[in-house]
Amino acid sequence: MDRAQIVDGNFRHRVGVNDLPEGHAPSASLTASEAVAIYRAQCVSRALDLTSRQMQKNGQGFYTIGSSGHEGMAAVAHALRPSDMAFLHYRDAAFQIARAGQVPGQTIAWDMLLSFACSSDDPTSGGRHKVLGSKDLMIPPQTSTIASHLPKALGTAYSIGAARRHPPEHQKLPDDSIVMCSFGDASANHSTAQGAINTAGWTSVQSVPLPLLFVCEDNGIGISTKTPMGWIESSMAHRPGIKYFKANGLDLFETHSVVAEAAEYVRCHRKPAFLHLRTVRLYGHAGADVPTTYLSKAEVEADEANDPLLHSVRLLRDTNSLSPQLALNIYQETLARVERIAAEVVERPHLKTASEVARSLVPPVRSCKTTNGPSDDMRAAAFGSDLKALADPQPMSRLINWALTDLMLEHPDVVMMGEDVGRKGGVYGVTQKLHNRFGPDRVIDTLLDEQSILGLAIGMGHNGFVPIPEIQFLAYLHNAEDQIRGEAATLPFFSDGQFTNPMVLRIAGLGYQKGFGGHFHNDNSLAVLRDIPGVIIACPSDGAEAAMMLRECVRLARQEQRVVVFVEPIALYPMRDLHSAKDGGWMQTYPPVGQSIVLGEVGIHGDGHDLAIVTYGNGRYLSTQARVELEAKGYNVRIIDMRWLAPLPAEALLAATKGCKRVLIVDECRSTGSQSEALMTLFSEHTEIETARHVAGDCFIATGPAYAASLPSKESITNAALDLLGDVR
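Numbering (this note's numbering), first residue to last: 18 to 746.
Right under this line is the structure:
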């Protein structure tokens, strides 16, 4: 027999004969009506688990990772405020149900069953996935199974204190709120969880406000792998800066009392706390999982004997809140009601077309206050002596710095964060003076943990800020890429655009650095970013272009709530000369405030018809050098700078190459997975133009004299162009 049926039968029988498990006497933390309300939420959670399994058997439901054994989370919800944002473990249906009881007008069983059925009527995801989440309940939806939501929970908690000091226009959370994030004991071992917990302690010991409550639901097992006895307590009880609490999640009175104490501590002291909540897991991991294949029958039955609902009935009986018979009636009536709702839900519509599914990839545009830009007085105070240099040609790094300055003057909700961005001014000096200009609240020096840097940005975006996080080097993104792929980019998709986390992620990247780095500091692959739906990738090639594109990136994040990646070519940061020493040919003057390059607008340099070179970043610099030699041979060449690598500006590129006899794609990324593959497809599918590509080798980049050996060069671009032109050398 299915274990779910066994647990259901055991509950009905044992409550019917008043055979309830032993336990501690109930505390006085709840009134009778409150305790019964929590029990009702627990029953709804159990009923949803049972119904979801039947729906799947009937081909009408698509998710069976249940919450049975974790019903104590209903008491957690009851001890918190509905305005306390909650990032939930996937076994926390009881939390969402109990919170719905705190907010008028909710139809929680109906809504959650719509999610189980993946109906397009689902008010949270619109039928895209079974998720816990609700705009009304302040629960951002997610599909995290490895605690990847902890960094953004930390960022959201940080944002509450930051918003007290600098309220953003689109602030979501009350100043006295806290953030709760829950996860399992197995997930606590994941590097993401460990990094977030470490960052919370690191932040707390510096007396930085961080009202964050971690809740670890310890059922002793992750799918089939047991958690060592005592592991969570021994590893978490003495973390610096984090106060430890523990409670028996099988006891709704104790759980409520301890959570209320922990929440009061977090709310009053603005410091993080860790709640270790004992739970059990019933039925196995998911619908198809049979726990007796990796646990003994005795172990499985021991957990079933500790069914939290049985403990709840005992506690309600012992406090004279509810008799066992009435408790059984509530349970049976709840199951019947949920089954009736499910019969209606399975008839509701589903998404049918690709366009319907993809509709929520791009968040809705939000209304923002208009601005005329920073005043002359503001600029004079911020720029100081730099103001006189604005009219002089400058390298890219300095123009990016000035663009950031103007953007932060114009938009008080823009904040920067990253390792060394503050006092040091960044590895390459791009953020120099910003810390002095705007202070540590808006230019935040973080610890060395890319997951926490991006989590901080995601969380601050949740509360109305426009974050500009920095990852020092492109290769370092791989330590944390799931924060973009699995968290930031999916949030509007899984919430049907109701939740967003806009940002402009600055990354120093690509190759051609002389004498420094190798593959950790010269990474020429953007493939990990290019295939993430909804993410915008920008890559400038000169300083003026960088300033104008950065302005557009901030607009995209601030108004259109987009996740934007701004890739800054390291080798072009200091570039001054183009053709000869001290010619200053690659420096630009700072574009006037208000000038920008809009998303999808490509750069066209020259009007030659013999050859169009389509490129970006360092490729444009090198192709500009190569064009001199090609034109000396009598060929007319135009250079087209993509600027926007994702989404591919297809129409603009086709228009820019119109009338050209040949197209040479110059791509500094590796042959496999580079932009050139998409570009070759574009031109072959839509034009008759003869097209070739010249790309970097499928190889890591070396340190030392061979740093550019595998990359395109002026000479190799020239030769590739001549080959395409049919020039006999």
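Backbone N, C-alpha and C define an ideal beta-carbon position, used for all residues, glycine too.
Taking all protein chains shown into account, decide if K263 is buried (16 or more other Cβ within 10 angstroms of its Cβ) or exposed.
For the purposes of this step, residue 263 is identified with residue 246 of the sequence shown, where counting begins at 1. Its Cβ being crowded by 16 or more others within 10 Å, K263 is buried.
Counting along the chain, where does the alpha helix (DSSP H) carrying F700 start and finish?
Start at 1 with the first residue of the sequence shown, and residue 700 comes out as number 683. Under the DSSP assignment, F700 falls in the alpha helix (DSSP H) whose first and last residues are 692-703.
Cβ shell of I657 (< 8 Å), same chain only, five flanking positions each side left out
As a position in the sequence shown, residue 657 is number 640, starting the count at 1. Taking C-beta separations shorter than 8 Å and ignoring five residues to either side along the sequence, the partners of I657 in its chain run V619, G620, I621, H622, A629, I630, V631, T632, L670, A673, T674, following chain order.
Could you tell me the distance, in whole angstroms, from the CA atom of L47 to the CA atom of L352?
Sequence index remark: in the sequence shown, residue 47 carries index 30 (1-based). Sequence index remark: in the sequence shown, residue 352 carries index 335 (1-based). C-alpha separation (whole angstroms): 25 Å.
Starting from R376, trace the beta strand (DSSP E) both ways and give me its first and last residue.
The residue labelled residue 376 in the question sits at position 359 within the sequence shown. Note, R376: premise wrong, no beta strand (DSSP E); not H, not E.
How many angstroms separate the CA atom of L229 from the CA atom of A210?
If you number the sequence shown from 1, residue 229 lands on position 212. If you number the sequence shown from 1, residue 210 lands on position 193. The straight-line gap from Cα to Cα measures roughly 14 Å.
Per DSSP, what are the beta-bridge partners of S165 in this structure?
Walking along the sequence shown from the start, residue 165 turns up at place 148. Answer is none; S165 lacks a bridge partner.
Boundaries of the alpha helix (DSSP H) in which L543 is found, first to last residue
If you number the sequence shown from 1, residue 543 lands on position 526. Looking at the DSSP string, L543 is not in any alpha helix (DSSP H), and its letter there is neither H nor E.
Report the residue from L171, Y300, K147, A506 whose alpha carbon sits nearest the alpha carbon of S241.
Taking the sequence shown and counting its residues from 1, the one referred to as residue 241 is at position 224. For S241, the nearest C-alpha among the options comes from Y300.
Could you please give the first and the last residue of the uninterrupted alpha helix (DSSP H) stretch that includes S62?
Position 45 of the sequence shown, counted from the start, is the residue given in the question as residue 62. S62 -> alpha helix (DSSP H) spans 49-74.
Best match in M659, E646, L339 for proximity to I614 [C-alpha to C-alpha]:
Translated into positions along the sequence shown, residue 614 becomes position 597. That would be M659, whose Cα lies nearest to the Cα of I614.
Give the DSSP bridge partners of R710, in chain order.
As a working mapping, residue 710 is identified with position 693 in the sequence shown. R710 is bridged by DSSP to I682.
Are the CB atoms of S194 and R287 within a distance shorter than 8 Å?
Here residue 287 refers to the residue found at position 270 when the sequence shown is read from its first residue. Here residue 194 refers to the residue found at position 177 when the sequence shown is read from its first residue. No, Cβ-Cβ distance for R287 and S194 is not below 8 Å.
Check this for me: beta carbons of S512 and T141, under 8 Å apart or not?
If you number the sequence shown from 1, residue 512 lands on position 495. If you number the sequence shown from 1, residue 141 lands on position 124. Closer than 8 Å, so yes.
First through last residue of the alpha helix (DSSP H) which encompasses C570
As a position in the sequence shown, residue 570 is number 553, starting the count at 1. Annotation: the continuous alpha helix (DSSP H) that includes C570 extends over 560-577.
Given this structure, state the Cα-to-Cα distance separating E281 from M90, to the nearest angstrom.
Here residue 281 is taken as the residue at index 264 of the sequence shown, counted from 1. Here residue 90 is taken as the residue at index 73 of the sequence shown, counted from 1. Rounded to the nearest whole angstrom, the CA to CA distance from E281 to M90 is 17 Å.
How would you label N539, buried or exposed, when you count the other beta carbons within 10 angstroms and need 16 or more for buried?
Residue mapping note: residue 539 aligns to position 522 of the sequence shown, counting from 1. Per the 10 Å Cβ criterion, buried.
Cβ pair V749, A505 closer than 8 Å
The displayed coordinates of the chain run from 18 to 746. Any statement about residue 749 would go beyond what the structure contains.
Which residue marks the beginning of the beta strand (DSSP E) containing Y261, and which one marks its end?
In the sequence shown, counting from the first residue as 1, residue 261 sits at position 244. For Y261, the enclosing beta strand (DSSP E) has its first and last residue at 260-265.
Can you check the region 443-517 for any beta strand (DSSP E) of at least 3 residues that lies completely inside it and give the ranges in chain order?
List check, beta strand (DSSP E) in window: 460-462, 483-488.
Distance between beta carbons of I485 and N518, contact taken as under 8 Å:
Walking along the sequence shown from the start, residue 518 turns up at place 501. Walking along the sequence shown from the start, residue 485 turns up at place 468. The Cβ separation is near 13 Å, so there is no contact.
Could you check how far apart the C-beta atoms of I501 and I549 are, in whole angstroms? I think they sit under 8 Å.
Here residue 501 corresponds to residue number 484 of the sequence shown, with the count starting at 1. Here residue 549 corresponds to residue number 532 of the sequence shown, with the count starting at 1. Right, their Cβ atoms sit about 6 Å apart.
C-beta atoms of A217 and I177 nearer than 8 Å:
For the purposes of this step, residue 217 is taken as the residue at position 200 of the sequence shown. For the purposes of this step, residue 177 is taken as the residue at position 160 of the sequence shown. Remark: C-beta atoms of A217 and I177 do not approach each other more closely than 8 Å.
When the distance is taken between beta carbons, is I249 closer than 8 Å to D202?
Translated into the one-based positions of the sequence shown, residue 202 becomes position 185. Translated into the one-based positions of the sequence shown, residue 249 becomes position 232. In this structure, I249 lies closer than 8 Å to D202 by Cβ.
Which residue's Cα is closest to the Cα of R655: A738, G743, I461?
Here residue 655 corresponds to residue number 638 of the sequence shown, with the count starting at 1. It is A738 whose Cα lies nearest to the Cα of R655.
Could you spell out where the alpha helix (DSSP H) holding M604 opens and where it closes?
Taking the sequence shown and counting its residues from 1, one reaches residue 604 at position 587. Annotation: M604 is outside any alpha helix (DSSP H) and is labelled neither H nor E by DSSP.
Hey, how far is the Cα of E427 from the Cα of H207?
Position 410 of the sequence shown holds residue 427. Position 190 of the sequence shown holds residue 207. Approximately 40 Å, taken between the alpha carbons.
Going by Cα to Cα distance, which pick from T272, E234, R354 is closest to V297?
Residue numbering aside, residue 297 sits at position 280 when the sequence shown is read from its first letter. The shortest Cα separation from V297 among T272, E234, R354 belongs to E234.
Assuming H328 is part of the alpha helix (DSSP H), what are its boundary residues?
The residue you call residue 328 lines up with position 311 of the sequence shown. For H328, the enclosing alpha helix (DSSP H) stretches over residues 325-335.
If you check the beta carbons only, do M748 and L451 fall under 8 Å apart?
Since the first residue of the chain shown is 18 and the last is 746, residue 748 is not available in this structure.
What is the residue span of the alpha helix (DSSP H) that E271 lies within?
Taking the sequence shown and counting its residues from 1, one reaches residue 271 at position 254. DSSP places E271 inside the alpha helix (DSSP H), whose first and last residues are 269-286.
In or out: G456 buried (at least 16 other Cβ within 10 Å) or exposed?
Here residue 456 corresponds to residue number 439 of the sequence shown, with the count starting at 1. It is exposed - the Cβ of G456 has fewer than 16 other Cβ atoms within 10 Å.
Just to confirm the assignment, what range does the beta strand (DSSP E) spanning G526 have?
Position 509 of the sequence shown holds residue 526. If you look at G526, you'll find it in the beta strand (DSSP E) that goes 520-526.
DSSP on V297, reduced to helix/strand/coil?
The sequence position of residue 297 within the sequence shown is 280, counting from 1. Coil at V297, not helix or strand.
Say the cut is 7 Å; is the CB of I461 nearer than that to a heavy atom of the ligand SAM?
The ligand SAM is absent from the structure shown, which contains no ligand whatsoever.
Proximity below 8 Å, CB of L65 to CB of D25:
In the sequence shown, the residue the question calls residue 65 occupies position 48. In the sequence shown, the residue the question calls residue 25 occupies position 8. With contacts defined by Cβ atoms closer than 8 Å, L65 and D25 do not form a contacting pair.
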